[in-house]
Each structure stands twice: as C-alpha cells, then as structure tokens.
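I have placed the structure first, in the form of structure tokens, so that the comments after it can refer back to it.
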Amino acid sequence: MKCANCGAEIKLGCVYCSVCGKEAQIVPDYNVEEDILKELLEEDDKPSKNASSNGKKKKSLKNSQKKKKEAEQKKKQKQKRLLITVSVLIAIAIIGVIIVLLVQNSHKKSFDYQYQKGISYTEEKNYTKALTYFEQAEKLQPDNVDVLLRMADLYRLRKDETSEEAYLLQILTLDKNNEEAYQMLIALYDKQKEYDKLQDLYEQSDSDKIKALFDNYEVKAPEFSEEAGEYNDTIEIELMADSDCTIYYTLNGDSPIEKGMEYTEPISLEDEKEYTIKAVAKDARGFYSEIAEADYEITFEAPDSANVTPAAGTYYDAQSISIQVPAGSTAYYTWDGSTPTQDSDVYSEPLEMPQGNNVLSVLVVDDHGLASPVIRYNYIYLPE
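Quick note on my numbering: the sequence shown kicks off at 2 and runs consecutively.
And the structure:
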C-alpha cells in the first residue's frame with residue numbers, strides 16, 4: 002500500500018508513512034490522478050519510450066487533473082443534493098407529525114367527531130369503543146341529553162343496569178319529562194321488580210303524557226260508598242277496589258301508604274267530629290294506586306220534641322195516650338208537671354189518661370245522648 006501523501010510504499014501493518022510521517026489511509030479514496038501517474042511511471046520504465054510519448058504524458062496529466070476537479074465537483078454536488086434531499090424529507094416528516102398531532106388534538110376537542118365516531122362504533126356493535134367516544138363527547142357537552150341517552154342504551158346493551166339507571170336519572174334532572182328516559186326506566190324497574198321505584202317514578206311527574214306510560218301498571222284508586230260532606234248522624238263508609246287489591250286507609254289525613262290500616266269491614270263514623278279519610282289500593286305486584294280522599298263532618302242534632310196523641314184538652318171518655326218516639330231514641334215522662342229526666346219513667350206502651358186535671362211532660366233522648374225540648378200536654382179527664 003502506498004502513502005496517499007508522498008506515494009512512498011508503506012509496509013504491511015504500519016499505520017504511519019516512514020517517509021513523510023502521515024497517517025496511512027486504510028481504505029484509500031479512489032484517486033484518478035494517482036492511477037494516471039502510475040500509468041505514466043510504468044511507461045517511463047519501458048526502454049522503448051520516445052519523446053513524443055512525453056508530450057502525451059503531459060497532456061494526459063492535465064486531463065487527469067481536470068477529471069479530478071470534475072469528479073470532486075460532482076461529488077460535492079451529489080453530497081449537496083443528498084443533504085438537501087435528506088433535509089427536505091426530515092422537514093416533511095416533521096410537518097407530517099405536526100399535522101397528525103394537530104388533527105388528533107382537533108378531533109379530541111371536536112364534539113361532532115366524538116359523537117359521530119360513537120354512533121359508528123355503535124352500529125358496528127363495538128359497544129366498548131362507542132362508549133369511549135361518547136364519554137369524550139360528554140366531557141365536551143356534559144348536559145347533552147342525546148349523548149346521555151345513547152350512553153344509557155349502551156349500558157343496557159352491556160347489561161350494566163346500575164350505570165344505565167344512573168344515566169337515565171341524570172337525564173331526568175336535566176329534562177324532567179323526557180319520555181324516552183321514562184320508558185327505559187319503566188322497563189328497567191319492571192324487569193328488576195322494583196315496584197316502589199316505579200311508584201316513585203310515577204309520582205314525580207305531573208305530565209299526563211308521562212303518566213300515560215304507566216297505564217299497564219296503573220291501579221284503580223278506591224271508591225267511597227258515601228259522598229263526602231256533612232252528616233247529622235252516624236254513617237258507615239265502605240271502600241271498594243279491584244278484587245286483587247288490598248286497601249289501606251287512615252281517618253286523620255295521614256298517608257295510607259306509610260301509616261294505613263288494612264280495610265276489612267265498613268268504617269263507622271260514630272263520633273261528632275271531622276274525618277279525613279285517605280285510602281289507597283295495592284295490587285299483587287305491590288304497585289299502589291293514587292290516593293283517594295274524602296272529608297266527612299259528623300254533627301249530631303238534638304231530636305225534635307215528641308209527638309203525642311190525642312191533643313191536650315178536656316175529655317169525658319177514657320183515652321189512650323200514644324207518644325211517637327224516633328228510632329234509636331227513648332222517651333221519658335212525668336204526670337205531675339215536673340221536668341222529666343233520664344231517671345223518669347220510660348215510655349214503652351200507650352198510657353191511660355188519668356182522671357182529673359193532669360200535665361203530661363215528655364222528654365226524648367236520642368242514642369247520642371242529645372235531648373229534645375220538653376213538651377207538656379194538659380189533660381182534663383172528667384168521666385160521666
């Protein structure tokens with residue numbers, strides 16, 4: 002191997018030239034000039050070389066130098082083009098990465114993108130992926146009822162009833178009369194046999210349209226045998242409902258669901274006061290009717306004075322005296338003009354008119370202990 006600097010022969014294994022001291026090139030670059038010089042030197046060694054060949058050598062040397070420069074220029078241009086190409090490719094790659102990141106970030110912040118991807122995965126029955134995108138959409142629009150409905154339905158499809166219920170109840174806090182949420186909750190509670198929850202759900206809406214959704218679960222409210230109002234005597238109230246229902250009631254206005262007594266026989270209103278009867282029917286599933294209510298006021302009136310025959314007056318023939326006593330009442334009487342009390346004689350059958358001038362006094366007391374005004378009849382019996 003020859004030294005690239007001085008051309009001296011370098012011994013095998015040496016790393017420096019023994020002539021000029023330069024470091025040896027283990028893999029020397031291709032050098033056109035060296036090849037040409039080698040050829041010229043080989044020509045010099047031949048004895049047959051003449052003067053004309055020397056001229057050719059000089060010309061060849063110039064050509065070799067020119068070729069060397071051209072080769073170096075081409076090499077530099079090639080390296081420059083390569084550098085430019087690599088730089089452009091790197092720039093394109095960087096721009097591509099930036100664009101991808103920007104697009105991903107844009108998608109992440111786009112409600113429409115997340116929503117549409119959720120729908121697409123739902124149609125493909127990839128419910129896990131669909132939920133992932135709808136969750137992102139929910140973060141962007143937390144109060145979007147449509148997104149919440151779709152998530153509730155996905156949890157239904159995945160048989161996650163707890164999450165389904167939570168999302169449906171959340172919807173009702175945003176839209177209290179959302180028909181679709183009610184339909185899904187009704188189906189869920191019926192499947193779970195959660196009839197108390199169905200009852201609460203029914204009661205929380207004041208919309209007739211929503212209440213109509215419960216027609217299959219509606220229990221007819223109890224009916225009262227007597228109309229609400231004022232009564233002057235004891236009355237009995239019968240409560241009526243469907244045969245498969247149990248009736249619960251209260252007399253003081255309390256909730257029959259919470260504090261009701263089971264109805265087994267007619268309710269007797271015997272005391273003089275006001276009553277507020279509330280009643281509810283409960284079917285075999287445990288579903289309650291609406292609460293029926295009626296107000297009653299019992300006010301007892303004193304009985305009228307007794308009707309006595311014959312009329313007061315003078316009689317010459319024997320007479321039998323009759324006192325008409327109202328049902329449930331008792332008549333008390335005296336013959337000496339004194340005021341009768343409940344300790345006086347009790348009328349039970351017609352009285353014989355006594356001789357002479359006598360005053361019959363009569364008092365009527367009803368079964369509530371109320372007394373009529375005392376009535377007096379003056380009889381003069383003068384037998385012939």
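Beta carbons: idealized from backbone N, C-alpha and C, even for Gly.
Simplified DSSP assignment, three categories, for residue i
i	result
PHE225	strand
TYR348	coil
ALA182	helix
LEU103	Unreliable positioning characterises LEU103 in this predicted model, as indicated by a pLDDT of 47, which lies under 50. The coordinate reading is nonetheless provided below. The answer is helix: DSSP assigns LEU103 an H, G or I state.
ASN145	coil
ASP251	A small correction: the amino acid at residue 251 is Thr; Asp does not occupy that position in the sequence shown. Three-state DSSP puts THR251 in a strand.
LYS3	strand
TYR114	helix
ALA92	helix
GLU124	helix
GLU302	coil
ALA190	Sequence check: residue 190 is Tyr here, not Ala. If DSSP states are grouped into helix, strand and coil, TYR190 belongs with the helices.
GLU24	strand
TYR264	coil
GLY338	coil
ALA328	coil
ARG151	helix
ARG159	coil
GLN66	helix
GLN78	helix
VAL87	helix
Segment limits, alpha helix (DSSP H) that includes residue i
i	result
GLU325	At residue 325 the sequence reads Gln, which differs from the Glu that was named. Here GLN325 belongs to no alpha helix (DSSP H); instead the beta strand (DSSP E) covers 321 to 325.
ALA312	Element bounds for ALA312: n/a, residue is neither H nor E.
ALA138	128 to 141
ALA332	Not the alpha helix (DSSP H): ALA332 falls in the beta strand (DSSP E), residues 331 to 335.
GLU165	162 to 175
TYR196	196 to 204
PRO257	257 to 260
ASP245	First-last for ASP245: undefined, no H or E at that position.
ILE211	209 to 212
Check: residue i C-beta below 7 Å from any heavy atom of the ligand PLP
i	result
TYR114	Ligands displayed in this structure: none; no statement on the ligand PLP is therefore possible.
For residue j and residue i, the rounded distance between their alpha carbons
i	j	result
THR340	TYR232	30 Å
LEU132	ALA153	10 Å
ASN6	VAL89	38 Å
ILE85	ILE95	15 Å
GLU166	LYS192	12 Å
LEU186	LYS194	12 Å
ASN178	LYS130	30 Å
TYR334	LYS283	55 Å
LEU150	VAL220	29 Å
ASP176	LEU214	16 Å
GLU136	ILE211	28 Å
TYR128	TYR122	7 Å
VAL33	ILE93	Because the pLDDT at VAL33 is just 49, under 50, the model does not fix this residue reliably, and the value given afterwards should be weighed accordingly. The straight-line gap from Cα to Cα measures roughly 38 Å.
LEU170	GLU273	48 Å
SER256	LYS279	7 Å
THR251	THR277	8 Å
LYS17	LYS23	In the sequence as presented, Lys is not what sits at residue 17; that position holds Tyr. Cα-Cα distance, rounded: 6 Å.
VAL87	LYS67	30 Å
THR247	ASP201	19 Å
LYS12	SER19	9 Å
PHE225	LEU173	36 Å
GLU302	ASP234	8 Å
Enclosing beta strand (DSSP E) for residue i [first to last residue]
i	result
VAL363	357 to 366
ALA280	275 to 283
ILE268	268 to 270
GLU237	236 to 238
Residue i - partner residues in DSSP beta bridges
i	result
GLY230	TYR297
ARG377	SER362
ALA372	VAL366
GLU10	LYS3
TYR382	TYR316, GLY357
GLU73	According to DSSP, which records beta bridges pairwise, GLU73 is partnered with nothing at all.
TYR289	LYS283
TYR17	GLU24
Q. Touch check for the region 234 to 242 and the region 295 to 308: three-plus C-beta pairs under 8 Å?
A. yes
Q) On the three-pair Cβ rule with 8 Å, is the region 371 to 385 touching the region 306 to 319? A) yes
(Q) Within 8 Å, do at least three Cβ pairs link the region 255 to 266 to the region 301 to 310? (A) no
(Q) Assess contact between the region 171 to 183 and the region 155 to 162, defined as three or more Cβ pairs (one per stretch) separated by less than 8 Å. Is contact present? (A) No, the region 171 to 183 does not touch the region 155 to 162.
Q) Using 8 Å as the threshold, is the region 245 to 265 in touch with the region 326 to 342, meaning 3 or more CB pairs across them? A) In the pairwise beta carbon analysis, the region 245 to 265 is classified as not touching the region 326 to 342: fewer than three pairs are separated by under 8 Å.
**Q.** Touching by the beta-carbon criterion (3+ pairs, under 8 Å), the region 360 to 367 and the region 338 to 352
**A.** yes
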